[in-house]
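Participant: Can you read through this structure? Questions will come right after.
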Amino acid sequence: MSGLHPPKPFPEAARDKVSQPQLRANLRKVTHTIREKRLRAVGEVPHWEELRVLGEATKDATLANLSDRLLQLEASVKARGGQVHWARDAAEARELVARIAESHGVDELIKVKSITSDEIELNAGLAERGIHAIETDLAELIVQLSHDTPSHILVPAIHRNRAEIQALFNRELPGEGNLSDAPAELAGAARRYLRHKFLTTKMAVSGVNFAVAETGTVCVVESEGNGRMCLTLPEVLVSVMGIEKVLERWEDLAVFMELLPRSSTAERMNPYTSFWSGVTPGDGPQEFHLILLDNGRTDVLADATGRQTLRCIRCSACLNVCPVYERTGGHAYGSVYPGPIGAILTPQLLGMADKNANTLPGASSLCGACFDACPVRINIPQVLIYLRGEANEEKGVTAEALAMGAVGYAMSSGWRFEGALKLARAGQGPLVRGGEITALPGLLGGWTQSRDLKAVPPQSFREWWRQREGADG
Amino acid sequence: MGNAEARLEVLTRINRAVAGVQAPALPAYPQCERLEREAMLRQFQDRIEDYRASFQRVAQTEVAGAVALALAGAERVVVPAGLNPAFLPTGLHELHDDPPLSHAGLDRAEAVVTGCAVAISETGTIILDHGVDQGRRALTLIPDLHICVIRAEQIVQSVLDGVQRMEGSVGAGRPLTWISGGSATSDIELVRVEGVHGPRRLCVVVLD
Ligand code: SF4
Numbered sequence: 001m002s003g004l005h006p007p008k009p010f011p012e013a014a015r016d017k018v019s020q021p022q023l024r025a026n027l028r029k030v031t032h033t034i035r036e037k038r039l040r041a042v043g044e045v046p047h048w049e050e051l052r053v054l055g056e057a058t059k060d061a062t063l064a065n066l067s068d069r070l071l072q073l074e075a076s077v078k079a080r081g082g083q084v085h086w087a088r089d090a091a092e093a094r095e096l097v098a099r100i101a102e103s104h105g106v107d108e109l110i111k112v113k114s115i116t117s118d119e120i121e122l123n124a125g126l127a128e129r130g131i132h133a134i135e136t137d138l139a140e141l142i143v144q145l146s147h148d149t150p151s152h153i154l155v156p157a158i159h160r161n162r163a164e165i166q167a168l169f170n171r172e173l174p175g176e177g178n179l180s181d182a183p184a185e186l187a188g189a190a191r192r193y194l195r196h197k198f199l200t201t202k203m204a205v206s207g208v209n210f211a212v213a214e215t216g217t218v219c220v221v222e223s224e225g226n227g228r229m230c231l232t233l234p235e236v237l238v239s240v241m242g243i244e245k246v247l248e249r250w251e252d253l254a255v256f257m258e259l260l261p262r263s264s265t266a267e268r269m270n271p272y273t274s275f276w277s278g279v280t281p282g283d284g285p286q287e288f289h290l291i292l293l294d295n296g297r298t299d300v301l302a303d304a305t306g307r308q309t310l311r312c313i314r315c316s317a318c319l320n321v322c323p324v325y326e327r328t329g330g331h332a333y334g335s336v337y338p339g340p341i342g343a344i345l346t347p348q349l350l351g352m353a354d355k356n357a358n359t360l361p362g363a364s365s366l367c368g369a370c371f372d373a374c375p376v377r378i379n380i381p382q383v384l385i386y387l388r389g390e391a392n393e394e395k396g397v398t399a400e401a402l403a404m405g406a407v408g409y410a411m412s413s414g415w416r417f418e419g420a421l422k423l424a425r426a427g428q429g430p431l432v433r434g435g436e437i438t439a440l441p442g443l444l445g446g447w448t449q450s451r452d453l454k455a456v457p458p459q460s461f462r463e464w465w466r467q468r469e470g471a472d473g
Numbered sequence: 001m002g003n004a005e006a007r008l009e010v011l012t013r014i015n016r017a018v019a020g021v022q023a024p025a026l027p028a029y030p031q032c033e034r035l036e037r038e039a040m041l042r043q044f045q046d047r048i049e050d051y052r053a054s055f056q057r058v059a060q061t062e063v064a065g066a067v068a069l070a071l072a073g074a075e076r077v078v079v080p081a082g083l084n085p086a087f088l089p090t091g092l093h094e095l096h097d098d099p100p101l102s103h104a105g106l107d108r109a110e111a112v113v114t115g116c117a118v119a120i121s122e123t124g125t126i127i128l129d130h131g132v133d134q135g136r137r138a139l140t141l142i143p144d145l146h147i148c149v150i151r152a153e154q155i156v157q158s159v160l161d162g163v164q165r166m167e168g169s170v171g172a173g174r175p176l177t178w179i180s181g182g183s184a185t186s187d188i189e190l191v192r193v194e195g196v197h198g199p200r201r202l203c204v205v206v207l208d
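Listed in order, the protein sequences are those of chains A and B. Oh and the first sequence: position 226 is 226 in UniProt numbering, straight run, nothing missing. Oh and the second sequence: position 14 is 14 in UniProt numbering, straight run, nothing missing.
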């Protein structure tokens with residue numbers, strides 16, 4: 001697991017991936033299925049757009065007063081008997097978790113799926129100290145048992161099909177050996193394997209979806225019940241959260257409990273959500289640690305254009321609508337954050353001087369679908385264009401930098417998105433042949449060699465998107 | 001390891017990063033059209049059934065019968081201390097959490113019957129605040145079947161309504177569990193599999 005750090009530039013990694021037909025077929029099925037379900041779930045809410053605006057404003061308000069909110073959270077978690085730790089970077093966060101485990105003499109712990117813990121490469125860090133971390137989310141377990149890495153935020157093992165999982169479980173799970181490839185039977189085997197762990201393991205690690213400053217309440221959203229098991233049954237619980245996950249008031253949670261499930265799994269509500277505030281005597285873990293992680297987030301916060309990236313609630317809606325993600329899959333992004341959100345978050349967390357990460361803002365056709373899907377209205381195309389400009393600054397000025405710089409300027413000065421994209425179309429003019437972009441300068445050049453990309457269309461994005469769906473689906 | 005140092009540094013970086021940034025005013029929370037009581041109950045039923053959980057709506061005197069039906073022969077049943085005994089059919093092997101049942105003991109139980117704190121019709125969500133008629137969190141987690149008895153007046157329409165109703169519980173430091181259908185996964189080729197780790201079956205009994 002490489003954590004945040006892409007081992008290759010995106011065009012190179014993408015070239016390897018787009019040539020795998022099985023992968024592309026799996027991805028296509030999954031992204032299209034979730035995408036359609038999501039449209040239904042969202043369509044059911046008549047005031048969806050107002051909810052998005054409220055979600056955006058709620059996050060922005062918290063970010064504007066982030067230090068106050070974190071201090072308030074720290075005080076309220078402590079008042080409820082929890083302990084709070086601060087980590088400047090991944091290494092500090094790993095060290096904190098390892099020390100807590102060691103102080104309890106623990107050499108095995110259970111984990112709830114958490115991208116933040118993948119970001120800090122927690123499992124590998126713990127393994128170095130002789131502590132085995134068991135993933136309990138079914139997909140994460142599949143990924144872990146096959147020594148693989150997740151490829152999607154929501155369905156980390158979508159690049160695996162049932163035959164692969166059947167072979168894996170028959171080989172790796174104790175006492176199994178002749179499982180069929182029926183998903184229900186495979187899930188049953190995971191249940192048997194994990195049940196014993198849940199009932200007997202002393203320590204658990206989780207991520208955090210939201211934390212409320214006012215009440216010290218931490219929230220984990222999930223489907224399988226493995227989250228509830230980990231959060232309730234062990235004696236010691238450690239939760240690792242990026243500092244941007246904090247909200248101010250209890251009531252602020254409502255809008256996100258509306259936005260997240262419909263955007264993510266396309267359900268009205270996910271099966272289980274757990275909320276706890278510090279320690280509850282006689283119920284659940286009697287020792288609770290909350291780790292507040294920076295790891296580059298304050299640099300993102302300092303950037304007026306990039307700051308909006310920190311609104312992200314990791315719903316994965318932007319992945320499922322992205323034509324580039326659909327063709328390359330998550331691994332091409334080389335980071336725990338794939339897809340459109342990964343293309344803007346990873347290079348910002350690592351800094352634009354990172355030679356591999358700074359190719360990620362090129363991983364987009366700028367079609368705008370990610371912005372339309374994002375429940376907290378992160379203008380991903382705007383940030384992509386801005387970051388392309390930054391990356392080019394690292395390399396010196398090119399024609400593309402000038403064109404992209406102009407688009408970025410237009411977007412930041414409050415033009416309508418469509419207006420700004422007119423400029424993008426003007427900028428890309430010489431490259432378009434019959435509606436396809438067959439070669440792109442610089443960043444995407446390597447990728448378009450193996451896959452022609454639709455040009456930024458002359459009509460509006462939504463129109464174009466619908467047409468493209470019709471033609472492609 | 002200098003955690004105080006890390007704390008100070010992170011806070012300093014934040015303050016430098018957002019110096020001069022103004023928090024936007026929050027727009028009003030958008031509200032749905034309000035449903036009549038009966039329409040709300042129908043909406044709740046529709047959502048619960050959509051999650052493939054079972055649903056019964058009964059009068060006060062019929063609760064024990066409805067619970068018996070939902071138990072479908074299960075005998076070893078966990079019963080929280082504050083649950084109304086009139087909700088239970090006779091002849092059960094009742095397990096009480098006093099002294100606290102062990103994890104292994106709970107694992108041998110077949111079912112649990114509880115009340116709830118509030119329910120949301122738009123999303124078909126049941127919220128437990130683990131009060132005396134619901135028991136601590138492990139009680140509704142380990143047994144395979146969860147039967148939840150909800151008084152009709154505990155059902156509200158929107159997520160915001162539910163969150164506002166829970167303000168007191170959260171303020172008092174209570175944990176909450178939100179349940180929307182039974183445990184499920186779609187991790188293998190997006191095929192929905194009901195029941196992974198939590199209770200695999202959820203039965204809702206609404207009492208008028
Ligand atoms: S950027 Fe928006 S759409 Fe993408 S994962 Fe984050 S919140 Fe979801």
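We put the beta carbon where it would ideally sit given N, CA and C, even for glycine.
Within the same chain, show all residues whose beta-carbon is closer than 8 angstroms to that of K8/A, passing over the 5 residues directly before and after it, in chain order.
Facilitator: Within the same chain, K8/A has close Cβ partners G334 and N356.
Participant: If you draw a straight line from the alpha carbon of L11/B to that of G182/B, how long is it in whole angstroms?
Facilitator: 41 angstroms
Participant: Using the C-alpha atoms, what's the distance from N15/B back to V196/B?
Facilitator: Computed Cα separation, rounded: 44 angstroms.
Participant: Below 7 angstroms, is the gap between the Cβ of P199/B and the nearest heavy atom of the ligand SF4?
Facilitator: no
Participant: So does V63/B have its beta carbon nearer than 7 angstroms to some heavy atom of the ligand SF4?
Facilitator: Every heavy atom of the ligand SF4 is 7 angstroms or more from the Cβ of V63/B, so no.
Participant: For a test of your reading of the model: does the CB of S263/A fall under 7 angstroms from any non-hydrogen atom of the ligand SF4? Yes or no.
Facilitator: Yes, the beta carbon of S263/A sits closer than 7 angstroms to at least one heavy atom of the ligand SF4.
Participant: Leaving out five residues before and five after R192/B in sequence, what residues of the same chain have Cβ atoms less than 8 angstroms from its Cβ?
Facilitator: A184, T185 and S186
Participant: Suppose you measure from the CA of V79/B to the CA of D283/A; what does that come to, to the nearest Å?
Facilitator: 16 angstroms
Participant: K111/A lies in the beta strand (DSSP E); which residues open and close that run?
Facilitator: E108 to K111
Participant: Take residue 481/A and list the residues in its own chain whose beta-carbon comes closer than 6 angstroms to its own, dropping the five residues that flank it on each side.
Facilitator: The shown model of chain A, from 1 to 473, leaves out residue 481/A, and the question about it has no answer.
Participant: Measuring only the C-alpha atoms, how far is P340/A from L51/A?
Facilitator: 22 angstroms
Participant: Against V155/A, what residues of chain B qualify as contacts under a CB-to-CB distance less than 9 angstroms, listed in chain order?
Facilitator: S186, D187 and L190
Participant: Tell me whether A317/A, by its Cβ, gets closer than 7 angstroms to a heavy atom of the ligand SF4.
Facilitator: yes
Participant: For a contact defined as C-beta to C-beta under 7 angstroms, what are the partners of D107/B on chain A?
Facilitator: L199
Participant: Answer with buried or exposed for A72/B, where buried requires no fewer than 16 other C-beta atoms within 10 angstroms of its C-beta.
Facilitator: exposed
Participant: Is V163/B near the ligand ATP, with its Cβ less than 7 angstroms from a heavy atom?
Facilitator: The ligand ATP is absent from the structure shown, which contains only the ligand SF4.
Participant: Skipping 5 residues on each side, what residues in its chain have a beta carbon closer than 8 angstroms to that of D97/B?
Facilitator: V78, P80, A81, G135, R136 and L139
Participant: Note down, in chain order, every chain B residue with its Cβ under 7 angstroms from the Cβ of L233/A.
Facilitator: H103 and A138
Participant: Quick one, are the C-beta atoms of V255/A and T58/A less than 8 angstroms apart?
Facilitator: yes
Participant: At least one CB of chain B closer than 8 angstroms to the CB of Y333/A: is that the case?
Facilitator: no
Participant: Can you find a C-beta in chain B that's less than 8 angstroms from the C-beta of T328/A?
Facilitator: No, no contact with chain B.
Participant: Listing by chain order, which chain B residues have their CB less than 8 angstroms from the CB of R228/A?
Facilitator: R137, L141, T177, H197 and G198
Participant: Express the C-alpha separation of G125/A and E92/A in angstroms, rounding to a whole number.
Facilitator: Take the alpha-carbon of E92/A and the one of G125/A: they are about 11 angstroms apart.
Participant: Flag F210/A as yes if its beta-carbon sits less than 8 angstroms from any beta-carbon of chain B, otherwise no.
Facilitator: no
Participant: So is D16/A in contact with chain B if we call contact Cβ pairs under 8 angstroms?
Facilitator: no
Participant: With distances taken Cα to Cα, identify the nearest neighbour of S364/A among A25/A, H132/A, R162/A and P381/A.
Facilitator: P381/A
Participant: Based on DSSP bridge pairs, tell me the residues matched to S206/A.
Facilitator: S239/A
Participant: Report yes if the CB atom of A86/B is closer than 8 angstroms to the CB atom of E110/B, and no otherwise.
Facilitator: no
Participant: In terms of residue numbering, what span does the alpha helix (DSSP H) encompassing I179/B cover?
Facilitator: Run containing I179/B: none in the alpha helix (DSSP H); it sits in the beta strand (DSSP E), L176 to I179.
Participant: If the cut-off is 7 angstroms on Cβ atoms, which residues from the segment 141–172 of chain B count as contacting chain A, listed in chain order?
Facilitator: L141, V159, L160, V163, Q164, E167, V170 and G171
Participant: If you draw a straight line from the alpha carbon of L66/A to that of H132/A, how long is it in whole angstroms?
Facilitator: 34 angstroms
Participant: Determine the direct distance from the alpha carbon of T215/A to that of A152/B, and round the result to whole angstroms.
Facilitator: 29 angstroms
Participant: Pick helix, strand or coil for E194/B, following the three-state DSSP scheme.
Facilitator: strand
Participant: For L50/B and V63/B, what's the separation of their Cα atoms in angstroms?
Facilitator: Going by the sequence as given, residue 50/B is Asp instead of Leu. V63/B has its alpha-carbon roughly 23 angstroms from the corresponding atom of D50/B.
Participant: I need the straight-line Cα distance from H103/B to E235/A, nearest angstrom please.
Facilitator: Cα to Cα, the separation comes out at about 12 angstroms.
Participant: For A79/A, which residues from the same chain have a beta carbon less than 6 angstroms from its beta carbon, with the 5 sequence-adjacent residues on both sides left out?
Facilitator: none
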